[in-house]
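Encoded as C-alpha cells, the structure appears first; notes follow it.
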Ligand code: LLP
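Residue numbers (our numbering): -4 to 415.
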C-alpha cells in the first residue's frame, strides 16, 4: 500500500493534490510521501520485532535528506557505500554506531573517515581491502570492527544487473577464502572481526534464495563457533521486493516468518539493509505531455522527463505503472502508446505499447514506484538539470531539493587557458 491515491478523479499524495505541487514547482519532479516511508519502515520493524534488528536503510536507493531524516527519526541506521553517503547520513544526525559500510572499492580516504567517525562496522569485500583497512587503522592506532561479506554463490532469480550473490559477481568473499581469513585473523591485529554480511541481490520476490544463502552462512557460523570464534553480528543485507506491476512479492511478515527461526538460532544481533522495500512505492515521478506523435505505425507520447531523470526502464527494461494525474471525466478511448522522453536515444522511454487513455498536450502523467533508484540514478545527460524532489506530509509539501539550474550544471567547468 502507498499514499498515492485518486480522490474524485485526481491523484493525491496523502492530502496534497499532485496538480497543486506541479503548479508551484513545475515539471518534471519527484514526489515522496512521508507517511508511506514510515509505514514501510514500520512493517519491517514489526515483522522482525521478536529479534529487534538494527534496520540500516540502504541509502543508495534514495539519499534525499528529507527521506533520510524521516527514517532516522524512526530509529533507522544506514547502509552506506561511499564517503558522500556517510556525510549525508551525518547531516541528518545519524548515529555512527548505526552505520555499516559496504562497497567493493573503498578508498583509503573513505576508510579513514569512517574509522574517525566510528561507524558500527565495515562490510569487507576482498582480501586486499582487509589489508588496507588494517593498514589505515594501524596508522590511526584504532581497531575498527569488520564483517566479512560472504558471497554464498546463490542465484537470486532477479534481473542479471542486480543479482550479486554468485561467484560470477564482483561482490563479497567466497566461503573458502573467508574460512582462511578467519583462521588467520591474527594477521590483522588492527581489525576486530565482529560479524558476517550477506546480500544476494535486489527485487527478490521469494524467500527461497534468502533461505538458501542464510543456510550457507549459518553453516559457516557454526564452523567458527566450533573453532571458538564467536561473532556479534549477522548482516542479512537487503533485497526485499516492491510491487511495480502485478508481482506478488513476499510481505515483510512472510519474509520474517521464513527466516526468523534461522536468525534466532544464531544468537547474533541482526542487521538488515532494506532499500527498495521502504522507498520504491513512497515516490512517484511526475512528467508533462509535450507532444503527441503518430507516424502511422506507432503512437508516441513525448513527455518532458527523460531517461536522465529516471533510467530504470532504459537500463533494466523495468516496468513502471503510468497513470494520468487527472482521470478523464468521461469514458474515453484508450490507445497503445510509447511514452518517451526528449533525450536523443531510442532507449529513452518510460513505457512501450502501453494502453493509456487519450492524452493531450499539457496533461500530466505520474510514473509510479519511482522512489527507489530513481532520483539517485539521475544524470545531467544532454545538459539537462535534474528535477526537484518534493516531500509531502499530511497536507503540507516542501521542495527538499531544488531543480538544478544551468549555473549548477556548469559550476566548476572552465575552458583551459591553452584553448583560449
Ligand atoms: N545492501 C547492499 C550491500 C546492496 O548492494 C543493496 C543494493 C542493498 C542493501 C539494498 O537492496 P534493496 O533492498 O534496495 O533491494 N539500481 C537497481 C538496484 C541496485 C541495487 C544495488 N544494491 C535498480 O534500480 O533496480
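No residue lacks a Cβ here, since even glycine has one placed at the ideal position from N, Cα and C.
With a 10 Å radius around its C-beta and 16 neighbouring C-beta atoms as the bar for buried, classify residue i as buried or exposed.
i	result
residue 225	exposed
residue 286	exposed
residue 405	exposed
residue 230	buried
residue 289	exposed
residue 271	buried
residue 334	buried
residue 384	buried
residue 190	buried
residue 43	buried
residue 198	buried
residue 122	exposed
residue 361	buried
residue 378	exposed
residue 8	buried
residue 204	buried
residue 98	buried
residue 307	buried
residue 162	exposed
residue 382	buried
Just tell me which of the options has its CA closest to the CA of residue i.
i	options	result
residue 118	143, 89, 320, 301	143
residue 22	235, 380, 70, 415	380
residue 124	149, 96, 87	96
residue 64	386, 163, 217	386
residue 365	411, 300, 389	300
residue 279	17, 184, 211	17
residue 68	75, 50, 81	50
residue 160	412, 146, 37	146
residue 58	275, 295, 239, 294	275
residue 138	120, 113, 155	113
residue 355	367, 320, 170, 89	320
residue 12	359, 407, 398, 372	359
residue 29	55, 409, 62, 46	62
residue 353	200, 209, 156, 318	318
residue 156	394, 266, 342, 313	313
residue 3	98, 316, 325	325
residue 74	109, 103, 102	109
residue 151	164, 141, 33	164
residue 212	167, 37, 241	167
residue 77	105, 53, 241, 66	105
residue 185	208, 308, 129	129
residue 154	200, 127, 171	200
residue 339	303, 368, 350, 310	303
residue 227	215, 242, 261, 244	261
Taking residue i as part of the alpha helix (DSSP H), name the residues at either end of that continuous run.
i	result
residue 177	170 to 178
residue 436	Outside the displayed span of the chain (-4 to 415) sits residue 436, for which this structure offers no information.
residue 34	29 to 42
residue -2	Per DSSP, residue -2 belongs to no alpha helix (DSSP H) and is neither H nor E.
residue 221	203 to 221
residue 81	78 to 86
residue 337	Here residue 337 belongs to no alpha helix (DSSP H), and DSSP marks it neither H nor E.
residue 354	Segment: none, residue 354 is in no alpha helix (DSSP H) and carries neither H nor E.
residue 112	103 to 112
residue 286	Looking at the DSSP string, residue 286 is not in any alpha helix (DSSP H); the run it does join, the beta strand (DSSP E), is 278 to 289.
If you measure from the CB of residue i, is any heavy atom of the ligand LLP nearer than 7 angstroms?
i	result
residue 5	no
residue 159	yes
residue 374	no
residue 235	yes
residue 194	yes
residue 271	yes
residue 55	yes
residue 197	yes
residue 249	no
residue 268	yes
residue 202	no
residue 370	no
residue 232	yes
residue 311	yes
residue 381	no
residue 74	yes
residue 307	yes
residue 97	yes
residue 109	no
residue 416	The structure shown has nothing for residue 416, since the chain only spans -4 to 415.
State the start and end residues of the unbroken beta strand (DSSP E) segment that holds residue i.
i	result
residue 384	384 to 388
residue 237	Neither: residue 237 is in no beta strand (DSSP E) and is coded neither H nor E.
residue 229	228 to 230
residue 381	Neither: residue 381 is in no beta strand (DSSP E) and is coded neither H nor E.
residue 191	187 to 192
residue 395	391 to 396
residue 135	Looking at the DSSP string, residue 135 is not in any beta strand (DSSP E); the run it does join, the alpha helix (DSSP H), is 122 to 135.
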